[in-house]
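Residue numbers (numbering that gives the first Met the number 0): 0 to 133.
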Amino acid sequence: MTDSTSQKWSSGGEPDQACLIAPVVDLVFSRWTTPILWALHTYGRHRFVELERRIGTITPKVLTQRLRQLERDGLVVRTYHPEVPPRVEYEISELGRSLAPLFASLAQWSVNLDRVERARLDYDSRDRLPVRRA
């Protein structure tokens, strides 16, 4: 770690700067962003309706908002084809593709989800001590 990086980790500065990955988490893991990026990375270029079908439960309004934000952030490229009817396609950008190792690591880690579920069940089945009231 460089001196400036270690200072950021230990200084406890501004709350939004307390963790160096917080802005990345906000950017990549906000609701619907991950499924959109995953779909575009895994399956390639999509038209709006194709992407909507692939993701499933997202509303058109929310998909539009997220795609606009991802385009603004440089993670998605929107291509407009002036045809009749007009055609618009979305694909992951080079910057978005740079997230591939992160997604690969998360996919590898997903083998632990059964352990998480067991931990939750164990936790939920434990007898709890009554809360002492003053």
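Glycine included, every Cβ here is placed at the ideal spot set by N, Cα and C. None of these values were measured; they are calculated from a predicted model.
With a 10 Å radius around its C-beta and 16 neighbouring C-beta atoms as the bar for buried, classify residue i as buried or exposed.
{"i": "T41", "result": "exposed"}
{"i": "L36", "result": "buried"}
{"i": "T56", "result": "exposed"}
{"i": "Q50", "result": "Before going further, note that residue 50 is Leu rather than Gln in the sequence given. Counting Cβ neighbours within 10 Å, L50 comes out buried, since at least 16 surround it."}
Identify which residue in the options has its Cα closest to the Cα of residue i.
{"i": "E70", "options": "R131, E90 and E49", "result": "E90"}
{"i": "L74", "options": "D123, S124 and L98", "result": "L98"}
{"i": "P34", "options": "I20, V61 and C18", "result": "V61"}
{"i": "L105", "options": "P22, T63 and V27", "result": "V27"}
Just to confirm before moving on: does the CB-CB distance between residue i and residue j stay below 8 Å?
{"i": "E93", "j": "T78", "result": "no"}
{"i": "R52", "j": "A38", "result": "no"}
{"i": "R86", "j": "R46", "result": "yes"}
{"i": "W108", "j": "R65", "result": "no"}
Using the Cα positions of residue i and residue j, report the straight-line distance between them to the nearest angstrom.
{"i": "D113", "j": "P81", "result": "48 Å"}
{"i": "G43", "j": "L120", "result": "38 Å"}
{"i": "D25", "j": "R127", "result": "34 Å"}
{"i": "A118", "j": "D72", "result": "37 Å"}
{"i": "V23", "j": "E116", "result": "26 Å"}
Check: Unbroken beta strand (DSSP E) runs of length 3 or more, entirely within the region 66-121: which are they?
Finding: 75-80 and 86-91
Next item on the list: Write down every uninterrupted run of the alpha helix (DSSP H) in the region 7-61 whose length is 4 residues or greater and which is fully enclosed by it, in chain order.
Entry: 21-27, 32-42 and 47-54
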